[in-house]
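In this note's numbering, the protein residues as written are 17 to 90.
Read the structure below first, then the notes.
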């Protein structure tokens, strides 16, 4: 078992199936952010914790990777 310094975050496995719940969170986040005026967007983003930002980032990467695989299959 690999030792870490305690700061490492668990990343989703590349072979993990897409999680529709995470994708819905990303879509809801994107929708809420796009509805805000530009002046309020920065304040909204600053309210997010690191864990929330990281989870959204991971879900977005997974969503984009799945979309890319779908496009390649077509």
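Glycine included, every Cβ here is placed at the ideal spot set by N, Cα and C.
Bear in mind the structure is a predicted one, so any value in this text is a computation, not a measurement.
Under the three-state DSSP convention, the category residue 63 falls into | coil
Range of the contiguous alpha helix (DSSP H) that encloses residue 49 | 36–51
Are the CB atoms of residue 52 and residue 45 nearer to each other than 8 Å?
-> no
Pull up the distance between the alpha-carbon of residue 55 and that of residue 64, whole angstroms please.
-> 16 Å
Pull up the distance between the alpha-carbon of residue 85 and that of residue 75, whole angstroms please.
-> 15 Å
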